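In my numbering, the protein residues as written are -10 to 254. We treat Cβ as the ideally placed atom computed from N, Cα and C, and that holds for glycine. A quick note: this is a predicted structure, and the numbers were derived from the prediction, not measured. Here's the structure, in structure tokens; my notes come after.
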Ligand code: SF4
Ligand code: SF4
Ligand code: SF4
């Protein structure tokens, strides 16, 4: 496959953060020399992490969006990005699923604000809405943070799709369990310990089970998962409240509930 580097035309791209911790952009910068090589082979018209560029109306090939829009200004930025970009791609769990901030959607709004602010009068604590509530999303890099290696693997495919009018790439529908087994990790479920990995999209090298932690689902539900059955099994190992608490960490709870409603047992 011809890589982005060999194309004569460099892709014009912008990497923009809305409300986020900027950890997904940091994951890219953390690639060091690899990221510098990447940046030399694209026309990077905006990288919000390093420079606060003024929004220009110039057309770009791909906009990468980290975080979800919380203010009116961020909503406007997002709509403008969509208008001027051939592809709009989201970076990470916050943009794709609401992320950690979505916990406030599940809790009484003022209760969450009062943990941060002493005086909450006049503070707007709007519900968190993912990027695809506002604009069409062409591709998602999942995870919290994203896998920078996955970004490097899929970027040339996205560019190729755009240049040659091919279908956009898809991340294979395999669970975290596949990589977990490849690494020879004993499944937590065998010892009656909960783990969300079997309904979650793999591609993270099962980093949490490898470190002695259950998968909490930061990469989101995999399309083919039998969410209803898997959730039922997990709820035999944990209380409903424990299940909800885990599912809320990465904005998974609303996705699970939506699937539970539509999927037969
Ligand atoms: S997905 Fe995770 S790393 Fe990325 S912006 Fe959100 S909280 Fe930060
Ligand atoms: S420990 Fe978790 S990710 Fe690993 S095989 Fe078991 S359910 Fe899957
Ligand atoms: S194991 Fe689960 S929670 Fe951990 S990085 Fe992978 S998908 Fe995210």
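Roughly how many angstroms lie between the CA atoms of residue 65 and residue 222, to the nearest whole one?
Taking the chain shown and counting its residues from 1, one reaches residue 65 at position 76. Taking the chain shown and counting its residues from 1, one reaches residue 222 at position 233. Between the C-alpha atoms of residue 65 and residue 222 there is a straight-line separation of about 43 Å.
Hey, would you say the C-beta of residue 178 is under 7 Å away from at least one heavy atom of ligand 2?
The sequence position of residue 178 within the chain shown is 189, counting from 1. Inclusion of residue 178 in the 7 Å shell around ligand 2 follows from its C-beta lying nearer than that to a non-hydrogen atom of the ligand.
What are the partner residues of residue 2, as DSSP defines its beta bridges?
Within the chain shown, numbered from 1, the residue matching residue 2 stands at position 13. For residue 2, which the question treats as bridged, DSSP gives the partners 33, 51.
Residue 76: first and last residue of the uninterrupted beta strand (DSSP E) it sits in:
Walking along the chain shown from the start, residue 76 turns up at place 87. Counting along the chain, the beta strand (DSSP E) containing residue 76 begins and ends at 74 to 80.
Tell me the DSSP bridge mates of residue 130?
Against the chain shown, residue 130 aligns to sequence position 141. The partner list for residue 130 (beta bridge, DSSP) reads 80.
Residue 247, enclosing alpha helix (DSSP H) - first and last residue:
Stepping through the chain shown from its first residue, residue 247 is reached at position 258. Per DSSP, the continuous alpha helix (DSSP H) segment holding residue 247 begins and ends at 242 to 251.
Residue 57 in three-state terms, based on DSSP:
Locating residue 57 in the chain shown gives position 68, counting from the first residue. In the structure shown, residue 57 falls within a strand segment according to DSSP collapsed to helix, strand and coil.
To the nearest angstrom, report how far apart residue 4 and residue 37 are at their CA atoms.
As a first step, residue 4 must be located in the chain shown, where it is residue number 15. As a first step, residue 37 must be located in the chain shown, where it is residue number 48. Going by the C-alpha atoms only, they are around 6 Å apart.
Those runs of the alpha helix (DSSP H) which lie wholly inside the region 213 to 241 and span at least 4 residues
Every alpha helix (DSSP H) stretch that sits fully inside the region 213 to 241 and reaches 4 residues is listed by chain position as 216 to 224, 229 to 238.
If you reduce the DSSP assignment to three classes, tell me which class residue 200 lands in.
On the chain shown, residue 200 is found 211 positions in, with the first residue counted as 1. Residue 200 falls in the coil class under three-state DSSP.
Closest to residue 117 by C-alpha separation, out of 219, 95, 214, would be which residue?
Taking the first residue of the chain shown as position 1, residue 117 is located at position 128. Minimum Cα distance to residue 117 is reached at 95.
Between the region 49 to 67 and the region 212 to 221, do at least 3 Cβ pairs fall closer than 8 Å?
Contact between the region 49 to 67 and the region 212 to 221 is not established, with fewer than three Cβ pairs separated by less than 8 Å.
Residue 15 - containing alpha helix (DSSP H), residue span
For the purposes of this step, residue 15 is taken as residue 26 along the chain shown, with counting starting at 1. Counting along the chain, the alpha helix (DSSP H) containing residue 15 begins and ends at 12 to 18.
Nearest residue (CA-CA) to residue 342, options 225, 30, 9, 8:
The question about residue 342 has no answer here: the residues shown for the chain are numbered -10 through 254.
Going by the beta-carbon positions, is the gap between residue 51 and residue 157 smaller than 8 Å?
Here residue 51 corresponds to residue number 62 of the chain shown, with the count starting at 1. Here residue 157 corresponds to residue number 168 of the chain shown, with the count starting at 1. Going by C-beta atoms, residue 51 is not nearer than 8 Å to residue 157.
May I ask whether a heavy atom of ligand 2 can be found less than 7 Å away from the beta carbon of residue 186?
As a first step, residue 186 must be located in the chain shown, where it is residue number 197. Yes.
Taking the CB atoms as reference points, tell me whether residue 207 and residue 165 lie closer together than 8 Å.
Taking the chain shown and counting its residues from 1, the one referred to as residue 207 is at position 218. Taking the chain shown and counting its residues from 1, the one referred to as residue 165 is at position 176. Contact: no.
What does the alpha-carbon distance come out to for the pair residue 81 and residue 26?
For this step, residue 81 is matched to residue 92 along the chain shown. For this step, residue 26 is matched to residue 37 along the chain shown. Cα to Cα, residue 81 sits roughly 22 Å from residue 26.
What number of angstroms, rounded off, separates the C-alpha of residue 238 from the C-alpha of residue 77?
As a first step, residue 238 must be located in the chain shown, where it is residue number 249. As a first step, residue 77 must be located in the chain shown, where it is residue number 88. The alpha-carbon atoms of residue 238 and residue 77 are separated by roughly 25 Å.
CB-CB length for residue 46 against residue 73, believed under 8 Å
The sequence position of residue 46 within the chain shown is 57, counting from 1. The sequence position of residue 73 within the chain shown is 84, counting from 1. The pair is a contact, with the Cβ atoms about 6 Å apart (cut-off 8 Å).
Is any heavy atom of ligand 5 found at a distance shorter than 7 Å from the C-beta of residue 81?
Summarising the ligand content, the structure contains ligand 1, ligand 2 and ligand 3 and does not contain ligand 5.
Which of the three DSSP states, helix, strand or coil, is assigned to residue 92?
Counted from its first residue, the chain shown places residue 92 at position 103. In this structure, residue 92 counts as helix in the three-state DSSP scheme.
Measure the beta-carbon distance from residue 13 to residue 135 and round it to whole angstroms, keeping in mind my assumption that it falls under 8 Å.
As a first step, residue 13 must be located in the chain shown, where it is residue number 24. As a first step, residue 135 must be located in the chain shown, where it is residue number 146. Right, their Cβ atoms sit about 5 Å apart.
Following a CB-centred definition, is residue 189 positioned closer than 7 Å to any heavy atom of ligand 3?
Counting from one through the chain shown, the residue named residue 189 turns up at place 200. Under cutoff, so the answer is yes.
Taking DSSP as the reference, what is the three-state secondary structure of residue 7?
The residue given as residue 7 occupies position 18 in the chain shown. Three-state result, residue 7: coil.
Candidates 79, 61, 131, of which the one nearest residue 113 by Cα
As a first step, residue 113 is located in the chain shown; it is residue number 124 there, counting from the start. Minimum Cα distance to residue 113 is reached at 61.
Output the distance between the C-alpha atoms of residue 248 and residue 241, rounded to the nearest integer angstrom.
Here residue 248 is taken as the residue at index 259 of the chain shown, counted from 1. Here residue 241 is taken as the residue at index 252 of the chain shown, counted from 1. Near 11 Å, if we compare the C-alpha coordinates of residue 241 and residue 248.
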